[in-house]
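In the order they appear, the protein sequences are chains A and B.
Mapping to the numbering used here: the first sequence position 96 is 96, numbers consecutive.
Mapping to the numbering used here: the second sequence position 80 is 80, numbers consecutive.
There are 2 protein chains.
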Amino acid sequence: MFSVASERRDRYTQGVFNSLSGGETSLIETLTLRSVALPANRLLVGEGEVGNSLYQITHGWAYRYRNCADASRQILDFLLPGELVGLGAALLGVTDHSVRTLTPLRAGAIDARLVGEAFRAEPALALRLGRYVAAEAERVAELLTMVGCGDAVKRLAFLMLSLYRRQARQGHIDPLNAPFPLRRQHMADALGLTGAHINRTLNRLRQDGIAIVENRRLSIRDLPRLTALVEITAT
Amino acid sequence: MFSVASERRDRYTQGVFNSLSGGETSLIETLTLRSVALPANRLLVGEGEVGNSLYQITHGWAYRYRNCADASRQILDFLLPGELVGLGAALLGVTDHSVRTLTPLRAGAIDARLVGEAFRAEPALALRLGRYVAAEAERVAELLTMVGCGDAVKRLAFLMLSLYRRQARQGHIDPLNAPFPLRRQHMADALGLTGAHINRTLNRLRQDGIAIVENRRLSIRDLPRLTALVEITAT
DNA sequence: CGTGGGCTTGATAGTCCTCAAGTCGGGTGG
DNA sequence: CCACCCGACTTGAGGACTATCAAGCCCACG
Chain A
1 MFSVASERRD RYTQGVFNSL SGGETSLIET LTLRSVALPA NRLLVGEGEV GNSLYQITHG
61 WAYRYRNCAD ASRQILDFLL PGELVGLGAA LLGVTDHSVR TLTPLRAGAI DARLVGEAFR
121 AEPALALRLG RYVAAEAERV AELLTMVGCG DAVKRLAFLM LSLYRRQARQ GHIDPLNAPF
181 PLRRQHMADA LGLTGAHINR TLNRLRQDGI AIVENRRLSI RDLPRLTALV EITAT
Chain B
1 MFSVASERRD RYTQGVFNSL SGGETSLIET LTLRSVALPA NRLLVGEGEV GNSLYQITHG
61 WAYRYRNCAD ASRQILDFLL PGELVGLGAA LLGVTDHSVR TLTPLRAGAI DARLVGEAFR
121 AEPALALRLG RYVAAEAERV AELLTMVGCG DAVKRLAFLM LSLYRRQARQ GHIDPLNAPF
181 PLRRQHMADA LGLTGAHINR TLNRLRQDGI AIVENRRLSI RDLPRLTALV EITAT
């Protein structure tokens, strides 16, 4: 007897809830509330909410960001299928950032009490959640490093590689035709650049035969050189 | 009967281990190994270590950073007395960044098994650790936002305010004479600027009567304007 | 078929970097 | 106690990278 929710979990939750014990699984199932579906570019979690909203993405991408000044924002991380939204908020009690859908998105809403329950009664699950938070922090630190130390080419190469690898880790992905649903402005907001300059930089990467972004897909033409751009290049 | 370790903890651990239950306290005491003392500018944790090293700082400051290219690095966070070093590494099993002392430093080394034990047997302590990791991630996200969206003045104002507030939260600090042991190069590496430009920007803040950094101390002359620089300023 | 949003591209300007030389201060060894 | 020395700081000139602004284009959508 499988619920719809558990089938979904089997297929998509490779990063967080895979291979759980029976108690953990039943706890999660008890606290999984409902499934939500949103179009692209919708607010999932608003900054400053006293969020009881915890989601696990089943289909589609989203991104976390903070508003800066008037019209500018900083994208902190992209969220892929299988990943959690709002775990940090559930732990700290407040959300300091917003989350918005990048593509049409489906997600399972989970009762935020899962977190408290996990720490109280399911140590293995709690540890998993802790590691998830640490891994997320890891990614933000990596992005900060690139924004702080790299020029436009290096930052963009990093973003491409990073998103490609995260997808590849979950299953086979064609490097010549990987999903890459970011618009120019998303890349700009993630990397601390402008849309216009992103465009120029993409042109250069295309002309150099390194990578092409087209039609919301990424085609990596020269993985070694792309990797070299991220690892070696100074400014 | 108080051990040296527990006295230290009473006075300095306001962010992490304060007001613990008896079981938690005894667990920590069991796993607190020894005290270490280091001069300034020494490596505490090296990148790539399979770190069993978990510390709690008792005196002095340190900072986490990642090496970028050849000679450049990105400082991710500063670590103040009472805070933990190496918790992320203890959770994930690998360290992706280095930690270096900023001032002469004393710290208590804690057996990294504390983390596992906490999750297994002390849920309240585990939750506290989880929150600590989330708060640390929070700070990195905030720094990324400033580096991504702000000009030099805004970034520097943010850094001053952020470090001042973290100290003020732990006890009363004179805004006109707050500890600020960063060299130009540390500010540069944290904010994605160069030492030379940090210097010019500090000059402007001093000439505008907003803040002065001198002799490793920070003197905030106009807190409202300093705050406004961080919150309002666009470009 | 009109419209709007995203993309593209050019010209111009600004912020910040690079490089380099000179100053200052503190620590060390004689 | 003093001379020396090294690292940190300071300041200037020139240049690189990226932002800004603006206009035209293309496509998807209503």
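The C-beta atom is built at its ideal place from N, Cα and C for all residues, glycine as well.
Asked, Found
"Could you tell me the distance, in whole angstroms, from the CA atom of B:Asn199 to the CA atom of B:Asp151?", "14 Å"
"What are the complete alpha helix (DSSP H) segments, minimum 4 residues, inside the stretch 33-93 of chain B?", "87-92"
"Is A:Asp222 close to chain B, meaning its C-beta is less than 9 Å from at least one C-beta of that chain?", "no"
"Could you tell me which chain B residues have their CB closer than 9 Å to the CB of A:Asp96, listed as they occur along the chain?", "Glu138, Ala141 and Glu142"
"From what residue to what residue does the beta strand (DSSP E) around A:Val16 run?", "Neither: A:Val16 is in no beta strand (DSSP E) and is coded neither H nor E."
"Taking the runs of the beta strand (DSSP E) that are 3 residues or longer, which of them lie wholly in the stretch 161-195 of chain A?", "none"
"So, at 6 Å on beta carbons, what are the nonlocal neighbours of A:Leu202 in its own chain, with the 5 sequence-adjacent residues on each side left out?", "Val213"
"So, is the C-beta of A:Gln74 closer than 9 Å to a C-beta in chain B?", "yes"
"Quick one: is A:Leu218 buried, meaning 16 or more other Cβ sit within 10 Å of its Cβ, or exposed?", "buried"
"Does the Cβ-Cβ distance between B:Gly46 and B:Ala107 come in under 9 Å?", "no"
"Since B:Ala141 and A:Leu76 are thought to touch, with beta carbons under 8 Å apart, how far apart are those beta carbons, to the nearest angstrom?", "5 Å"
"Compute the beta-carbon to beta-carbon distance between A:Ala134 and B:Leu92, rounded to the nearest angstrom, for a pair I have assumed lies under 8 Å.", "5 Å"
"Among the candidates B:Gln207, B:His172 and B:Leu156, whose CA atom is the shortest distance from the CA of B:Met187?", "B:Leu156"
"Just confirm the distance between the C-beta atoms of B:Pro181 and B:Leu125, as a whole number of angstroms; I'd bet it's less than 8 Å.", "Incorrect: roughly 31 Å between the Cβ atoms, too far for contact."
"Count Cβ pairs between the stretch 72-90 of chain B and the stretch 158-175 of chain B that sit closer than 8 Å; are there 3 or more?", "yes"
"In terms of residues, what are the limits of the beta strand (DSSP E) holding A:Arg100?", "Ser98 to Thr101"
"Suppose the cutoff is 7 Å on Cβ atoms and the five residues either side in sequence are ignored; what does the same chain contact list for B:Arg221 look like?", "Gly209, Ile210, Ala211 and Ile212"
"From B:Phe17 to B:Phe119, what does the alpha carbon distance come to, in whole angstroms?", "15 Å"
"Can the beta-carbon of B:Leu114 be found closer than 9 Å to that of B:Ala90?", "yes"
"Check the Cβ of A:Ala135 against every Cβ in chain B and list those closer than 8 Å, keeping chain order.", "Leu92"
"By DSSP's criteria, A:Gly108 is part of a beta bridge. Which residues make up the other side?", "A:Ser35 and A:Gln56"
"So with CB distances below 7 Å, who are the chain A contacts of B:Pro123?", "Phe119 and Arg120"
"Under the assumption that A:Val50 contacts A:Val85 (Cβ atoms under 8 Å), give the Cβ distance between them as a whole number of angstroms.", "That belief does not hold up - the Cβ atoms of A:Val50 and A:Val85 are roughly 16 Å apart, past 8 Å."
"On the DSSP letters alone, give me the boundaries of the alpha helix (DSSP H) that A:Glu117 sits inside.", "Arg113 to Ala121"
"Relative to the alpha-carbon of A:Gln207, which residue among A:Val153, A:Gly116 and A:Pro179 has its alpha-carbon at the smallest distance?", "A:Val153"
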